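One point on numbering: in the UniProt record's numbering, the residue at position 133 of the sequence shown is 133, and numbering is uninterrupted.
Backbone N, C-alpha and C fix where the C-beta goes; we use that ideal spot for every residue, glycine too.
What you are looking at is a predicted structure, and each value in this text was computed from that prediction instead of being measured.
The next block holds one structure in the form of structure tokens; read it before the comments.
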Amino acid sequence: MSFLNSLPGLITDIITDAPPDRRLQRIQQENERNNLSVVAKLILNTFLDATVRGSRTLDIDTQELVDLLVILEKSLWHGLKAVHIIRAFGIRKADDELWSMLCSVSEGSKCMSETIKCVKELDHLKTSISKVRAFLRVAIMKKELADYVQNICNADLTPFYEPWAFYRNDNGATLAGSLLALRVFDCNLLLDYDVLMHFAQSIDLTHYVKVPILPSQFAHYTEEEAELEREKSFQEVLDQKHYVEERNRQLTQTLEQVQRKLSNVTAGESAAELLRKIDDLNEQLAEEKKQRQVALEKYCEKRDECKNYELLQEGYTNDAKRALIQIQRKVEDRERVLVRKLENLDLTSNNIYQPFNQKYQDMTTKLAIIERMHKLRPTRNESDFFDLIAKMEEKQEMLNDAIRNKDELAEKVAKLEEQAQATRAAIQELAELRLANAEMTQKLAETEHALEDLGPHLSDSKMQIVMMKEQLVPASEWVKDSDVSHCLSCNAEFTVTFRKHHCRRCGQIFCDQCSSQRINLPSHAKQVRVCQPCHKLLGTLHASATIRST
């Protein structure tokens, strides 16, 4: 007990330089966390002592279980950021923010997400606070409440809780370990909307805190009963003494950890300076997280653009392949058609030319025979001679007809030869098309190979561009018009006619002459107004980038 009496003095000596309001607020926050932890353990121990003696099956809401659910709900509310924001602005209900926090934490655990999904499917739960209370009851029935509390402690609670919140300190992990004892019980709890909404928000501690009985109170007991009551009271005092000693041990360890952390810091720095540095570091960390989020969003946008470009290139490649396949099919079809036409023309010319040629040879042979006969018989009479002349004229006419037919056939053959020559030219063109198709296929393969080789370089180049953009965009703040009365460059005073102009890069305010330069910025589609120093810096960077690219 002497250690507990000396503990406030030790803490006061350590942080004596801190501002009084902040120190008192921190002490109040620590007391709230410790009180929640102690009351939760008292209720849990009483619940275990009362339930272990029974059948270990709960079909109704006992007082201890209801109080345990109340203290668990209060621990979830402790340090929630949404409470202060809603009190100031009233934008959204705090119950919705608490339920949103549980849904966000459940994304990292499959079992917890299934429980959240089961609670969401209960249509009769209309409010967020009823869903939160139903979630706690379902977790107890599934014997996974300790795991869910541990998941909440391990999750990133920075967007939801203040740094001094219950679950952002060691108290949450300690409570998760204590809740493991609930796994030995089988619970069938009510999930009615009326039961969840008409829920007690206060706890009667007289059921859990035992006050020692004074000896004068044993006057109406017998000696044996008084002795038993004294032993029972003494045992309760010993239990409380053991609890206080355990608490002292935990506080001693916490104090030693704080002293070790303070010893690692420079001896000349006071606690107030350390607190200010911690606040500055927290602000820097928040700013870095914002910048990191912005960079991550830009990276995601560039990555999506790269994916879209790759998909577009892939679409172009597929279209080119399909077009080449269609051209190849058309060329093959045309080649087959031309070959068939050429074969038909050759067959037709042969079928027409051969009969006429045979007739011409027969008539030539007959004329030769007639001439020989005329030479052998010069003494024929005149009638035979005229008859022979008439026959010869007939034969001559037949010969002329045959010659005309031959000329027509020769013209047809010439036309067929021209068509055959056109067919050969088409075949040659087909061969050239095949060669061109092979070259295009080879170029396509080379292009695809080049795209595969250039893919990593393109990604590296885009990453370098993103890094250059982030370097060019400074971490500046947009200066308000009411905070500036003179030009930052020429120190001229602004008036109604002498207007103010913001530099779109650094955010400072200049006059029209000092901010008349214009240049392209990554965050703007058109040229924007910048000051002369920013214009000079961006021009130098652009010139160096141009030299490196050439």
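For residue i, which option in the options has the closest C-alpha, if you only look at C-alpha atoms?
i           : options                        : result
Cys506      : Trp478, Val528, Lys131         : Trp478
Val530      : Ser489, Phe494, Ser544, Glu371 : Ser489
Ile352      : Asp170, Asp362, Thr365, Lys406 : Lys406
Arg247      : Lys93, Lys41, Arg23            : Lys41
Asp96       : Leu80, Cys111, Glu107          : Leu80
Asn31       : Asp304, Ala402, Asn169         : Asn169
His124      : Gly108, Leu345, Tyr193, Ala181 : Tyr193
Val337      : Ala426, Asn45, Lys359, His542  : Ala426
Asp483      : Gln508, Ala492, Val496         : Gln508
Cys487      : Ala390, Cys514, Arg183         : Cys514
Phe160      : Lys120, Gln150, His78          : His78
Ile183      : Leu388, Thr57, Asp453          : According to the sequence as given, residue 183 is Arg; it is not Ile. Among Leu388, Thr57, Asp453, the Cα nearest to that of Arg183 belongs to Thr57.
Leu72       : Val105, Ile27, Val149          : Val149
Asp147      : Ser113, Lys359, Pro355         : Ser113
residue 556 : Leu345, Asn45, Gln396          : There is simply no residue 556 to check, as the chain begins at 1 and stops at 550 in what is shown.
Arg137      : Phe356, Asp59, Leu345          : Asp59
Against chain B, does residue i count as a neighbour if the rule is that its beta carbon must be under 8 Å from one of theirs?
i     : result
Asp96 : In the displayed structure, chain B is absent; only one protein chain is listed.
Could you pull the DSSP bridge partners for residue i from this structure?
i      : result
Ile509 : His502
Tyr243 : The partner list for Tyr243 (beta bridge, DSSP) is empty, contrary to what the question assumes.
His486 : Glu493
Val530 : Gln517
Cys187 : Leu58
Tyr161 : Leu80
If you draw a straight line from the C-alpha of residue i to the C-alpha of residue j, how long is it?
i           : j      : result
Glu417      : Leu451 : 50 Å
Ala316      : Ser349 : The question names Ala, but residue 316 in the sequence shown is Tyr. Cα to Cα, the separation comes out at about 49 Å.
Glu229      : Gln235 : 10 Å
Thr423      : Ala431 : 12 Å
Asn188      : Ile140 : 9 Å
Glu448      : Ile327 : 20 Å
Glu64       : Asn35  : 17 Å
Ser178      : Val38  : 11 Å
Glu288      : Leu281 : 10 Å
Glu446      : Glu439 : 10 Å
Leu537      : His501 : 19 Å
residue 553 : Arg23  : Absent from the structure is residue 553, since the part of the chain shown begins at 1 and ends at 550.
Arg133      : Leu196 : 7 Å
Gln517      : Phe494 : 19 Å
Ser6        : Leu205 : Reliability fails at Ser6, whose pLDDT of 39 lies under 50, so the model's placement of it is uncertain and the value that follows must be treated cautiously. Each residue's Cα considered, the two are about 28 Å apart.
Thr441      : Asp453 : 18 Å
Ser202      : Asp61  : 16 Å
Met392      : Val339 : 46 Å
Arg372      : Ile403 : 22 Å
Leu347      : Thr365 : 27 Å
Asp512      : Arg276 : 40 Å
Val105      : Leu98  : 11 Å
Lys142      : Val258 : 39 Å
Cys153      : Arg303 : 34 Å
Ile91       : Thr158 : With a pLDDT of only 45 at Ile91, under 50, the local geometry of the prediction cannot be trusted, and the value read off the model is given with reservation. In a straight line, the C-alpha of Ile91 is about 20 Å away from that of Thr158.
Thr540      : Cys534 : 10 Å
Glu305      : Asp481 : 37 Å
Lys307      : Gln284 : 34 Å
Glu121      : Glu107 : 17 Å
Leu367      : Glu343 : 37 Å
Here's the rule I'm using: 16 or more other beta-carbon atoms within 10 Å means buried, otherwise exposed. How should residue i be labelled?
i      : result
Phe498 : exposed
Gly172 : buried
Phe135 : buried
Asp67  : buried
Thr115 : buried
Cys118 : exposed
Ser75  : buried
Ala323 : exposed
Cys300 : exposed
His273 : A quick correction: the sequence has Glu, not His, at residue 273. The residue in question, Glu273, is exposed, as its Cβ has fewer than 16 Cβ neighbours within 10 Å.
Ala155 : buried
Ser544 : exposed
Ser411 : Before going on, a small fix: residue 411 reads as Glu here, not Ser. Glu411 comes out exposed.
Ser485 : exposed
Glu144 : buried
Ser109 : buried
Met101 : buried
Phe510 : buried
Ile325 : exposed
Leu296 : exposed
Should residue i be counted as a contact of the ligand GDP given a C-beta to heavy atom distance under 7 Å?
i      : result
Leu430 : With respect to the ligand GDP, the structure offers nothing, as it holds no ligand at all.
Any chance the segment 158-177 sits against the segment 126-134, with 3 or more Cβ pairs inside 8 Å?
no
Is it a yes or a no for the segment 158-165 touching the segment 183-200, going by three-plus beta-carbon pairs under 8 Å?
no
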